[in-house]
Structures are given as C-alpha cells and as structure tokens.
Amino acid sequence: MFSKCGSLDEATKVFHEMLHRDVAWIALVSCFSREMGRENVELSEFTSCSALKSGASLKALELGRQVHGLVVRMGHDLVGWKNDMMYNSMVFRCVRNRSYDEAVRVMGLVRPNVVALTSALVGCYENLDLWAGKQIHCVVDDSKELIGTIYTNKMISHALSVFDGISEKDVISWTCMIDVYGRNGQGGEAVEMFQEIKEDGSKVLPNSVTFLSVLLACGHSGLMEEGKNCFKLLREKYGLQPDSEHYVFYIDILGRAGNIEEVRSTYHTMVEQGTGPTTGVWVALLNACSLNQDVERGELAAKHVLQLEPYKASNIVLVSNFYAATDRWDWVDELRSIMRTKGLVKEVGNSWINVLGFN
C-alpha cells in the first residue's frame, strides 16, 4: 500500500520490521523504481541494467517487463547507448532464467566480449547445464582468444565453490571438477579429487569420461606414475574398456616420460584388443617417437597420419618437423611444397599470461 502511494519512507520502515520478506523485496524494488520515475531521473544504461538485474535476481517477471517497457519507450533501439554493458546484462539474465537460445541470439548481435562469455558460462556451470555451456562456446568459434580468459584461477575458485555447494555429487559433477583442474595445469589437485572418488566407496563410480579427464590432467602436469596407475585402474578395478581416446592420452604420457618401450607395448595391446588406431593415436605415437628419436616407428606413424588426414595443415607440419629432426630434408621440402600448392596454413596458437589481473 505504502509503495503504491509513493510513501517511500514508510514502505522502507515496514520492510525492515518484517520477519519474512520474500515477495516484499519485489514490492520495495518496484517502489524505488516508481519513485525514480516520479523524480524524473533519467534512465541510463547503468540504472536500467541494475533494475533488470534486481528483477532477475528476485525472479520478478512483471518488474522486468516494466523496466523493459520503459527502456523501449525511451527509444533504446534508436539511441547509441546499446553498449557491451547492456548486452552483458541481457546475456546473463537469459542464462539465469535458462533461456539459452535467447542468450545465444543476444550474443550473436555483437562481437562476444569477455564479460558476456564469462557470465553465460558461469550461469551454465551454476545450473550444471553442460550442453548449454557447449552452445555458448560455439558462439565464440571466431573469437578463440577469449577462451583463455575463462580458465583462470578465479574460474577454478568459482567452479570449486559451485561444486562444494552440491549436496549429492554424482559422477558428472566430480568429472567436471577434475577436468577444470586438469585443463588449468593443476594435475595434482585433479588426481587428489580422483582419489576422493575411490575412497568414497560405491557411492560414485568413475566412468570412461572421468578417466579421460584424469589422464589428460596427468599428461598436462607430467604425472607419469599417476597416469599409469589411472590407466591400470580403468581396466582392472572398474572393468572398463579403454577406447582410442584413452590410448591417445596414455601414449602421450608415456612418450613425454621417455618410456618408448611401453609406448610400443601399449600400441600392440590396443591392436590385440580390437581398438583400431585413429589419427589421434598415430599422432600421439609420432610425437612419442619424435621425442625419443625412434625413427623407424616414427616413419610408420607419419605415413598413417598423412594417409588418414592428408590435407590437415597441423598434421603436415608435425610430420615435416619429424623428418627435419631426422635429417630427411627431401621429405620436408615435399611436404612444404604440398602446403603451398594446396594453400594450407597451420592455425596459429594463442596463449595468455595473466599478471595481477592484466592480460
């Protein structure tokens, strides 16, 4: 009543005296919004974003509609302050309300920026909606430099906070957290978390994706023994059959550790068990042979890589580097000539260094 009558002081006083405020929050926000209108306070991108954020946080759909209507009446689509801040707020609110298609549509209106992308992904993580997260990632296929800003220590902290808040953690939540650690070079933490799953008894059983995340973490952090133990548990304790992706990561771990004999043995075991080597497996074998100067098997791997994907620039460069390391310059010249003739260019990698919050 006080709110609708414009009695802001009385409305605020009653609000503070209430024990259970639930919908009263919405009424109070509406009261302040109306008072701003009465005093002819000009609506800017800052005030409109704040009002929209409040309405979304309170799940006050009607309030949000009122603010939106006011923005439209003021000619939002006709003026020039439709900036990143407004779009960021719109994207985050769409995700928080699980309107993922709308969030993707809004992000498609302008070039995705760091804040919008982070907001969208954080919203997906909070709702444990991995599919929606993948959709958001697809929006920035042409803005790959932004991805490096997502996987920061702050994101790890946020992911851990969300993870700790889950009352009943299933294999998906455990695997996601292990993957976050692994992709950020914190293999030790990833292995420790995997250890927690094992010690949890039969409550949560790791699946093949869990083992992929652990193997990836071990490879990125040079944890050979932990990686070997993980691969052993995959088959012997949990009865899972490793597929080609598991072998790719495992061969990479062994190759980086200089265990070329175990690489050979692993390859033969894989073939005997009926798992056909994919391009990824041959690339992992070629990398292992290059690191350990195994020319004979390296040439075999190089041959298969080029047969399976003859016009993939990154593979041609990899094979060319292998031949250069073994002084086979005739092959190097031929491969470089193929790249020039076909107009193939290896995609340039990007890396970010974050120092005191600056990239």
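With the UniProt record's numbering, the residue at position 221 of the sequence shown is 221, and numbering never jumps. Where is the CB? At the ideal position from N, CA and C, for every residue including glycine. Everything numeric in this text was worked out from a predicted model, so none of it was measured.
May I ask you to report which of helix, strand or coil DSSP gives Gln186?
coil
Cα-Cα separation, Asp164 to Lys13
37 Å
Which of helix, strand or coil does DSSP assign to residue 413?
With the chain running from 1 to 359 in the structure shown, residue 413 is simply not present.
May I ask which residues mark the beginning and end of the alpha helix (DSSP H) holding Ala257?
Ala257 -> no alpha helix (DSSP H), and no H or E assigned at all.
Have a look at Ala313 and Ile166 and give me their C-alpha separation to the nearest angstrom.
Taking the straight line from one Cα to the other gives about 43 Å.
Once you ignore the five residues that flank Arg336 on each side, which residues in its own chain have a CB closer than 7 Å to its CB?
Ser320.
Per-residue burial, residue 362 [other beta carbons within 10 Å of its own, 16 or more giving buried]
Limits of the chain in this structure are 1 at one end and 359 at the other, which puts residue 362 out of reach.
Could you say which of Gly274, Leu254, Val209 and Gln273 lies nearest to Leu285 if we only look at CA atoms?
Leu254
Output needed for Ile178: all residues of its chain with C-beta closer than 7 Å, excluding positions within five of it in sequence on either side, in chain order.
Ala190, Met193, Phe194, Thr210, Ser213, Val214 and Ala217
Would you decide whether Trp329 is buried or exposed? Buried here means 16 or more other CB atoms lie within 10 Å of its CB.
exposed
Let me know the secondary structure DSSP gives Arg328 once reduced to three states.
coil
Leaving out five residues before and five after Ile156 in sequence, what residues of the same chain have Cβ atoms less than 8 Å from its Cβ?
Val180, Tyr181, Asn184 and Gln186
Is the distance from the Cβ of Thr278 to the Cβ of Val248 below 9 Å?
yes
Residue burial classification, Glu296 (beta-carbon count within 10 angstroms, cutoff 16):
exposed
Report the residue from Glu245, Gly276 and Gln293 whose alpha carbon sits nearest the alpha carbon of Phe322.
Gln293
Which residue spans inside the region 256-287 form an unbroken alpha helix (DSSP H) run of at least 4?
260-272
Among Lys303, Ala288 and Ile197, which residue has its Cα nearest to the Cα of Ala257?
The option with the nearest alpha carbon to Ala257 is Ala288.
Is the distance from the Cβ of Leu205 to the Cβ of Tyr238 below 9 Å?
yes
How would you label Glu226, buried or exposed, when you count the other beta carbons within 10 angstroms and need 16 or more for buried?
buried
Member of Gly188, Ser173, Asn207 and Arg235 whose CA lies at the smallest distance from the CA of His220
Per the Cα distances, Gly188.
Can you round the beta-carbon distance between Ser208 and Asp243 to whole angstroms, since I take them to be within the 8 Å contact cut?
7 Å
Note down the Cα distance separating Glu334 from Gly343, rounded to an integer number of angstroms.
14 Å
Where Cys176 and Glu199 are concerned, what is the direct C-alpha to C-alpha distance, given to the nearest angstrom?
Separation of Cys176 and Glu199 (C-alpha to C-alpha, rounded to the nearest whole angstrom) is 18 Å.
What are the start and end residues of the alpha helix (DSSP H) that includes Gln293?
Neither: Gln293 is in no alpha helix (DSSP H) and is coded neither H nor E.
Report back the beta-carbon spacing between Val283 and Asn315 to the nearest angstrom; my notes put them in contact at under 8 Å.
7 Å
Span of the alpha helix (DSSP H), counted from its first residue to its last, around residue 365
Residue 365 lies beyond the range of the chain shown here (1 to 359); nothing can be said about it.
Excluding the 5 residues preceding and the 5 following Arg340 in the sequence, name in chain order all residues of the same chain whose CB lies nearer than 7 Å to its CB.
The answer is none, since no qualifying residue turns up.
If I measure Cβ to Cβ from Leu223 and keep anything under 6 Å in the same chain, skipping five residues before and after, which residues do I get?
Gly187
Determine the DSSP secondary structure at Gln241, reduced to helix, strand or coil.
coil
Where Asp179 sits in the DSSP three-state scheme:
helix
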